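Novice: Numbering (the working numbering), first residue to last: 658 to 736.
Idealized CB from N, CA, C, for every residue including glycine.
Note that the structure is a prediction, hence the values are computed from the model and not measured.
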Amino acid sequence: MSEEVELTPSSEDREKPPDQPWFIPNDEEQGVYRFIIAAARRARQLQVGARPTISTTSRKPTKIAMEEIRTGEIAVDLD
Numbered sequence: 658m659s660e661e662v663e664l665t666p667s668s669e670d671r672e673k674p675p676d677q678p679w680f681i682p683n684d685e686e687q688g689v690y691r692f693i694i695a696a697a698r699r700a701r702q703l704q705v706g707a708r709p710t711i712s713t714t715s716r717k718p719t720k721i722a723m724e725e726i727r728t729g730e731i732a733v734d735l736d
């Protein structure tokens, strides 16, 4: 009687909404996990005083960090 539910988002759901620069990309090469870890580390740097590398209207370090990584301003190197 139990139904199986597919949890994988459709390809339409994975597209970045244009008004959300902090959208988490679904990058097969880097992976979502690596993106989140890198963004968390960068957000911590911003919290303790690092300056953003982009101009943004957001004041939240997590959103700024995600946008910096997504735009390529900050390189992801977790090794």
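Using the three-state DSSP reduction, which class does P718 fall into: helix, strand or coil?
Specialist: If DSSP states are grouped into helix, strand and coil, P718 belongs with the helices.
Novice: Kindly confirm or deny that the stretch 709-716 and the stretch 686-695 touch, where touching means at least three C-beta pairs closer than 8 Å.
Specialist: The stretch 709-716 is not in contact with the stretch 686-695.
Novice: Can you give me the C-alpha to C-alpha distance between G706 and I726, rounded to a whole angstrom?
Specialist: About 18 Å.
Novice: According to DSSP, simplified to helix, strand and coil, what is T713?
Specialist: Coil.
Novice: Would A696 and T719 qualify as a contact pair, given that the criterion is a beta-carbon distance under 8 Å?
Specialist: Closer than 8 Å, so yes.
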